[in-house]
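Engineer:
Residue numbers (the working numbering): 528 to 677.
#1: Quick one, which of 539, 534, 672 and 529 has its alpha-carbon nearest residue 632's?
#2: Opposite residue 639 in the DSSP bridges: which residues?
#3: Whole angstroms are fine: how far does the CA of residue 546 sit from the CA of residue 653?
#4: State the CB to CB distance for the pair residue 655 and residue 620, rounded to an integer number of angstroms; the pair is presumed to be in contact (CB under 8 angstroms).
#5: So, with DSSP's three-state summary, where would you put residue 634?
#6: How is residue 596 classed by DSSP in three states: helix, strand or coil?
#7: Looking at the structure shown, is residue 588 part of a helix, part of a strand, or coil, going by DSSP?
#8: Tell me which residue opens and which closes the beta strand (DSSP E) that residue 671 is part of.
#9: Under 9 angstroms between the Cβ atoms of residue 548 and residue 651?
#10: What does a CB cutoff of less than 7 angstroms around residue 538 pick up in its chain, not counting 5 residues either side in sequence?
#11: Could you pull the start and end residues of the alpha helix (DSSP H) that residue 617 belongs to?
#12: State the start and end residues of the unbroken alpha helix (DSSP H) segment that holds residue 653.
#13: Would you call the CB atoms of residue 630 and residue 666 closer than 9 angstroms?
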């Protein structure tokens, strides 16, 4: 645990053509989950995980806790099928020790360049910035040359 958030050793992520990652889509309300208001939660680690599993991950009902304290969140209006998903929130991702993005799609070269250049910080994949961990991108040869030659 770090600052009340779980710390994963490694999270593997992909990136969608619109810059989404981990079922976090551009402009979606789940991107507003922040690190504030954790003092409201007074559960042990395992109780908290169970609580979030049973109460905070839900479809179509009001959460008992404030939106910005969730570790895990539900999305029921995904712009990409399936419409109902469960995801980790950005604060959880950003407390990981290591995050690895994997992309083998040369069609995403421009998108990845935009993320690297931080030209569009509204892209969820660009919002993944571990606080004290490592971030790595693994791309295939075609994608690498597409990024370096543009």
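Note that CB positions come from ideal geometry on N, CA and C, so glycine has one too.
Structural biologist: In short:
#1: Residue 672 is the option with its Cα nearest to residue 632.
#2: In the DSSP output, where bridge partners are listed per residue, residue 639 has none listed.
#3: Distance from the CA of residue 653 to the CA of residue 546, rounded to the nearest whole angstrom, comes to 8 angstroms.
#4: Here residue 655 really is in contact with residue 620; their C-beta atoms are around 5 angstroms apart, less than 8 angstroms.
#5: The answer is helix: DSSP assigns residue 634 an H, G or I state.
#6: Looking at residue 596 - three-state DSSP - the assignment turns out to be helix.
#7: Unreliable placement is indicated for residue 588, whose pLDDT of 36 sits below 50; no coordinate value is reported for it.
#8: Taken as a continuous stretch (DSSP letters only), residue 671 belongs to no beta strand (DSSP E), being part of the alpha helix (DSSP H) at 668 to 675.
#9: Against a cut-off of 9 angstroms, the Cβ pair of residue 651 and residue 548 comes out as a contact.
#10: In chain order, 620, 623 and 626 place their CB closer than 7 angstroms to the CB of residue 538, counting only its own chain and leaving out the 5 sequence neighbours on each side.
#11: DSSP places residue 617 inside the alpha helix (DSSP H), whose first and last residues are 617 to 620.
#12: Run containing residue 653: 651 to 654, per the alpha helix (DSSP H) assignment.
#13: Cβ distance < 9 angstroms, so residue 630 and residue 666 count as in contact.
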